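S.K.: In the UniProt record's numbering, the protein residues as written are 1 to 476. Where a beta carbon is used, it is the ideal one built from N, C-alpha and C, also for glycine. Computed from a predicted model, the values in this text were never measured in an experiment.
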């Protein structure tokens with residue numbers, strides 16, 4: 001048989017085989033999680049968005065990071081600070097689940113839980129509200145720093161200590177703890193560790209943890225494939241701090257982007273639903289690293305002062321600059337945001353004009369992408385669009401239509417630059433008629449936006465104009 005006839009026979013056989021195979025229906029996906037992620041360098045106000053969405057949630061999850069994250073939520077004039085716990089735990093009906101992608105400092109967890117529960121209204125003991133994956137990595141070396149990097153390093157080196165180890169044979173756990181502690185002491189000779197004291201503390205936690213530790217994969221599978229549930233995932237840190245996609249090496253040690261949701265909770269990607277990106281109306285960063293739109297002038301100082309830009313975890317002043325849409329586009333490429341929350345718009349109320357970074361150039365030549373190399377990123381020149389300010393107080397405004405015209409234009413400019421064209425008259429009329437129908441109509445409106453604009457880019461769904469839960473304006 002010739003080569004051509006052999007190929008024809010093979011193709012016909014393949015076609016015949018395919019046509020006679022029985023159709024296999026795809027399994028039901030089950031519940032989908034709603035994800036809230038930071039789109040800049042952190043401190044965007046993710047906790048506030050999670051708190052808003054968690055009011056009718058069943059489960060709120062953390063999937064990565066440690067107690068180096070800091071989220072502040074204000075409810076009924078009470079300010080809550082969260083580092084390990086998901087912000088949605090304020091809802092007395094919600095269950096908080098901390099997944100395997102998180103590294104956990106047990107003393108910090110219990111202190112934080114007790115401190116915030118005393119402020120809240122819930123009468124449930126925290127051990128009934130907080131569940132932990134059994135394959136979480138734990139650390140307790142008595143140092144003054146957070147130690148997130150070393151714990152993730154130990155995890156990658158396969159020498160880390162997990163909660164399932166602590167809950168199993170404590171003698172074996174103790175031996176492994178001593179080996180790990182001696183490794184750190186050999187690397188850092190001045191490091192002092194009370195090994196027996198730390199082990200004694202950890203042993204005391206075993207009884208407290210008994211009803212909190214779950215098989216994380218099984219727990220999430222049951223939640224996703226059982227009765228209908230509303231499940232939120234609260235990302236810590238942000239896209240530009242991601243270990244793979246952030247401004248390396250000035251990043252954190254975990255995946256803060258949407259992929260970290262699946263690996264950090266043990267769930268498949270088809271169960272990821274809405275992915276909301278949280279964007280501050282200007283840009284801030286803590287610590288060193290490239291920051292193209294940073295302002296070393298009165299504007300930067302004004303943003304820092306008015307925005308009270310001091311780190312929840314570190315207490316350090318944050319560096320401040322104009323909103324950088326090159327950054328936001330890059331974060332959207334990675335995460336595929338379905339909508340945005342724009343926070344702290346009210347901080348811009350007093351500015352006569354507002355600049356927005358729209359592109360980068362190097363040596364006078366525009367570059368189409370966000371540079372991975374830090375030296376290149378530090379050398380870029382930012383091209384800005386200048387928009388008029390609104391010079392009026394927005395902090396008491398609760399609907400989009402009440403915002404000053406120039407504030408509305410600022411929001412629409414962000415959408416347009418990210419790829420969402422301007423208002424369509426039919427869409428505007430429809431949106432006006434839908435206010436108040438938060439869930440069903442909101443999703444219909446978003447689908448219409450996609451249809452009319454033929455775009456995969458996210459629209460702004462919420463605008464924050466103050467610290468409290470009530471200060472979030474919902475557009476659709």
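Go ahead and pull the three-state DSSP assignment for residue 354.
M.R.: Here residue 354 refers to the residue found at position 354 of the chain shown. Here residue 354 sits in strand by DSSP.
S.K.: Nearest by alpha-carbon distance to residue 463: which of 470, 469, 474 is it?
M.R.: Taking the chain shown and counting its residues from 1, one reaches residue 463 at position 463. Closest by alpha carbon: 474.
S.K.: So, at 6 Å on beta carbons, what are the nonlocal neighbours of residue 355 in its own chain, with the 5 sequence-adjacent residues on each side left out?
M.R.: The count along the chain shown starts at 1 and reaches residue 355 at position 355. 322, 384, 386.
S.K.: Residue 210: buried (16+ other C-beta within 10 angstroms of its C-beta) or exposed?
M.R.: For this step, residue 210 is matched to residue 210 along the chain shown. The residue in question, residue 210, is exposed, as its Cβ has fewer than 16 Cβ neighbours within 10 Å.
S.K.: Can you tell me whether residue 339 is helix, strand or coil according to DSSP?
M.R.: Taking the first residue of the chain shown as 1, we reach residue 339 at position 339. Residue state, collapsed to three classes: strand.
S.K.: Please check the pair residue 392 and residue 346, which I expect to be a contact at CB under 8 Å, by giving their CB distance rounded to whole angstroms.
M.R.: If you number the chain shown from 1, residue 392 lands on position 392. If you number the chain shown from 1, residue 346 lands on position 346. 10 Å between Cβ atoms; not a contact.
S.K.: State yes or no: is the C-beta of residue 286 within less than 8 Å of the C-beta of residue 318?
M.R.: Position 286 of the chain shown, counting from 1, holds the residue named residue 286. Position 318 of the chain shown, counting from 1, holds the residue named residue 318. Yes, these two residues count as a Cβ contact at 8 Å.
S.K.: Please report how far the alpha carbon of residue 160 lies from the alpha carbon of residue 150, in whole angstroms.
M.R.: Taking the first residue of the chain shown as position 1, residue 160 is located at position 160. Taking the first residue of the chain shown as position 1, residue 150 is located at position 150. Rounded to whole angstroms, residue 160 to residue 150 spans 10 Å at the Cα level.
S.K.: CA-CA distance, residue 290 and residue 208?
M.R.: Looking up residue 290 in the chain shown gives position 290. Looking up residue 208 in the chain shown gives position 208. Taking the straight line from one Cα to the other gives about 43 Å.
S.K.: Within 10 Å of its beta-carbon, does residue 249 have 16 or more other beta-carbons around it, so buried, or fewer, so exposed?
M.R.: Here residue 249 refers to the residue found at position 249 of the chain shown. Residue 249 should be labelled exposed.
S.K.: Closest to residue 191 by C-alpha separation, out of 181, 197, 198, 199, would be which residue?
M.R.: Residue numbering aside, residue 191 sits at position 191 when the chain shown is read from its first letter. Comparing Cα positions, the closest option is 181.
S.K.: From residue 258 to residue 466, what distance separates their C-alpha atoms?
M.R.: Locating residue 258 in the chain shown gives position 258, counting from the first residue. Locating residue 466 in the chain shown gives position 466, counting from the first residue. Answer to the nearest angstrom: the Cα atoms are 27 Å apart.
S.K.: Would you mind stating whether residue 328 and residue 418 have Cβ atoms separated by less than 8 Å?
M.R.: Position 328 of the chain shown, counted from the first residue, corresponds to residue 328. Position 418 of the chain shown, counted from the first residue, corresponds to residue 418. Contact: yes.
S.K.: Using the Cα positions of residue 241 and residue 252, report the straight-line distance between them to the nearest angstrom.
M.R.: Reading the chain shown from its first residue, position 241 is the one you call residue 241. Reading the chain shown from its first residue, position 252 is the one you call residue 252. Approximately 5 Å, taken between the alpha carbons.
S.K.: Excluding five sequence neighbours on each side, which residues of the same chain lie with their C-beta closer than 6 Å to the C-beta of residue 246?
M.R.: Taking the first residue of the chain shown as 1, we reach residue 246 at position 246. Contacts found: 240.
S.K.: For residue 53, I'd like the list of residues in its chain whose CB is within less than 6 Å of its CB, leaving aside the five on either flank, ordered along the chain.
M.R.: The sequence position of residue 53 within the chain shown is 53, counting from 1. Correct list, in chain order: 232.
S.K.: With distance defined between alpha-carbon atoms, name the residue in 32, 28, 282 nearest to residue 58.
M.R.: Position 58 of the chain shown, counted from the start, is the residue given in the question as residue 58. Taking only the C-alpha atoms, the option nearest residue 58 is 32.
S.K.: Going by other Cβ atoms of all chains shown within 10 Å of its Cβ, with 16 needed for buried, is residue 172 buried or exposed?
M.R.: Within the chain shown, the letter at position 172 stands for residue 172. Taking every protein chain shown into account, the CB of residue 172 has fewer than 16 other CB atoms within 10 angstroms, so this residue is exposed.
S.K.: Starting from residue 137, follow its DSSP beta bridges and name the residues at the other end.
M.R.: As a first step, residue 137 is located in the chain shown; it is residue number 137 there, counting from the start. The partner list for residue 137 (beta bridge, DSSP) reads 103, 162.
S.K.: Taking the straight line between their C-alpha atoms, what separation do you get for residue 147 and residue 188?
M.R.: Here the question's residue 147 lines up with position 147 in the chain shown. Here the question's residue 188 lines up with position 188 in the chain shown. Cα-Cα distance, rounded: 13 Å.
S.K.: Tell whether a beta-carbon distance below 8 Å holds between residue 37 and residue 98.
M.R.: For the purposes of this step, residue 37 is taken as residue 37 along the chain shown, with counting starting at 1. For the purposes of this step, residue 98 is taken as residue 98 along the chain shown, with counting starting at 1. Their beta carbons are not under 8 Å apart, which means residue 37 does not touch residue 98 by this criterion.
S.K.: List in chain order: all unbroken alpha helix (DSSP H) runs of 4+ residues lying wholly within the region 350 to 410.
M.R.: 374 to 379
S.K.: Looking only at its chain, what residues have a beta carbon closer than 8 Å to the beta carbon of residue 75, apart from the 5 residues adjacent to it on each side?
M.R.: Within the chain shown, numbered from 1, the residue matching residue 75 stands at position 75. Result list for residue 75: 51, 90, 468, 469, in chain order.
S.K.: Name the residue from 381, 107, 306 whose alpha carbon lies nearest to the alpha carbon of residue 351.
M.R.: If you number the chain shown from 1, residue 351 lands on position 351. When each option's Cα is compared against that of residue 351, the closest is 306.
S.K.: In whole angstroms, give me the CA-to-CA distance for residue 310 and residue 169.
M.R.: Walking along the chain shown from the start, residue 310 turns up at place 310. Walking along the chain shown from the start, residue 169 turns up at place 169. When rounded, the distance between both Cα atoms is 43 Å.
S.K.: Does residue 378 pass the burial test, meaning 16 or more other C-beta atoms within 10 Å, or should it be called exposed?
M.R.: One-based indexing of the chain shown puts residue 378 at position 378. Counting Cβ neighbours within 10 Å, residue 378 comes out exposed, since fewer than 16 surround it.
S.K.: By DSSP, does residue 461 sit in helix, in strand, or in coil?
M.R.: In the chain shown, counting from the first residue as 1, residue 461 sits at position 461. Strand at residue 461.
S.K.: With DSSP as the reference, label residue 262 as helix, strand or coil.
M.R.: Against the chain shown, residue 262 aligns to sequence position 262. Of the three classes helix, strand and coil, the one that applies to residue 262 here is helix, per DSSP.
S.K.: For residue 370, does the count of other Cβ atoms within 10 angstroms reach 16, so buried, or fall short, so exposed?
M.R.: Taking the first residue of the chain shown as position 1, residue 370 is located at position 370. Looking at its Cβ environment, which holds 16 or more other Cβ atoms inside 10 Å, residue 370 is buried.
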